[in-house]
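Asks:
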Amino acid sequence: QKEVEQDPGPLSVPEGAIVSLNCTYSNSAFQYFMWYRQYSRKGPELLMYTYSSGNKEDGRFTAQVDKSSKYISLFIRDSQPSDSATYLCAISVAAGNKLTFGGGTRVLVKP
Amino acid sequence: GAVVSQHPSWVICKSGTSVKIECRSLDFQATTMFWYRQFPKQSLMLMATSNEGSKATYEQGVEKDKFLINHASLTLSTLTVTSAHPEDSSFYICSLLPRIDSQETQYFGPGTRLLVL
Numbered sequence: 003q004k005e006v007e008q009d010p011g012p013l014s015v016p017e018g019a020i021v022s023l024n025c026t027y028s029n030s031a032f033q034y035f036m037w038y039r040q041y042s043r044k045g046p047e048l049l050m051y052t053y054s055s056g057n058k059e060d061g062r063f064t065a066q067v068d069k070s071s072k073y074i075s076l077f078i079r080d081s082q083p084s085d086s087a088t089y090l091c092a093i094s095v096a097a098g099n100k101l102t103f104g105g106g107t108r109v110l111v112k113p
Numbered sequence: 044g045a046v047v048s049q050h051p052s053w054v055i056c057k058s059g060t061s062v063k064i065e066c067r068s069l070d071f072q073a074t075t076m077f078w079y080r081q082f083p084k085q086s087l088m089l090m091a092t093s094n095e096g097s098k099a100t101y102e103q104g105v106e107k108d109k110f111l112i113n114h115a116s117l118t119l120s121t122l123t124v125t126s127a128h129p130e131d132s133s134f135y136i137c138s139l140l141p142r143i144d145s146q147e148t149q150y151f152g153p154g155t156r157l158l159v160l
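If you read the protein sequences in the order shown, they are chains D and W. Numbered per the numbering used here, the first sequence spans residues 3 to 113. Numbered per the numbering used here, the second sequence spans residues 44 to 160.
1. Smallest Cα separation from D:N24: which of D:P46, D:E17, D:E7 and D:N99?
2. Which residues mark the beginning and the end of the beta strand (DSSP E) in which D:I93 is found?
3. Tell me which residue opens and which closes the beta strand (DSSP E) that D:R39 is part of.
4. Please list, in chain order, all residues of the same chain as D:G106 whose beta carbon is under 6 Å from its beta carbon, the five residues on each side excluded.
5. Applying a beta-carbon distance threshold of less than 7 Å, which residues of chain D neighbour W:I136?
6. Could you give the distance in angstroms between the alpha-carbon of D:V95 and the alpha-carbon of D:F32?
7. If you draw a straight line from the alpha carbon of W:G152 to that of W:A45, how long is it in whole angstroms?
8. Below 8 Å on the Cβ atoms is my contact criterion, and I expect W:S93 with W:T118 to pass it. Report the Cβ-Cβ distance as a whole number of Å.
9. Nearer than 6 Å: is that true of the beta carbon of D:M50 relative to any heavy atom of the ligand MG?
10. Quick one: grab the DSSP three-state call for W:D131.
11. Would W:T148 pass as an interface residue toward chain D - the criterion being a Cβ-Cβ separation below 7 Å?
12. Just reading off the beta strand (DSSP E) that W:T155 is part of, what are its end residues?
So this is what it looks like as structure tokens:
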């Protein structure tokens, strides 16, 4: 069993729809949770960062963490074609520690 | 966030040659840099953690004599792929941890695409 599981997709949605992404993890020691966006042939770009259960909102992005279920989510509202990318969840046990990545979900937003 | 550059952005080389990839922090000092490898349609796999002034820590299965890491200063780390072979063809990405009080998130470089013929 992988430490972090993420559906590879692809996830295809029409423009304006809500994109829902999630990851599950197995190690309860994980405490810090991040979402990265990666465009083709580019490095990952940090989108959201949380370290507690609950919701965190930033513009069109909302991150949710449920530590009791070992489940994290990212929601993208009012999706745009420019949101088409691969989204990676990343988790670590402590601030500044090495990251364990999910496999990434490829998202395609159709105009 | 921190700005990270990598050079070169892509490189093609013959089998058996060595390739050096540079990772620079442009606006923060970084005590810790990470090197990742990403194969097509796969996620990032951590290769090694590089701390300024000390030896790098390699992940299990990564040959330290093949992938030489030098973290010479707080703004520069290099990865040298020695005697490269076609199976080393991959996307190599560095990230850094800014040297500030809240060292919590990593910032990634744009990556270097290596093709070994």
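Glycine is no exception: its CB is placed at the ideal position from the N, C-alpha and C atoms.
Replies: Reading from the atomic positions:
1. D:E7
2. A87 to S94
3. Y34 to Q40
4. T88 and L90
5. G45
6. 4 Å
7. 10 Å
8. Their Cβ separation, rounded to whole angstroms, is 12 Å, which puts W:S93 and W:T118 out of contact at 8 Å.
9. As presented, the structure is devoid of all ligands, the ligand MG included, so that no description of it is given.
10. helix
11. yes
12. T155 to V159
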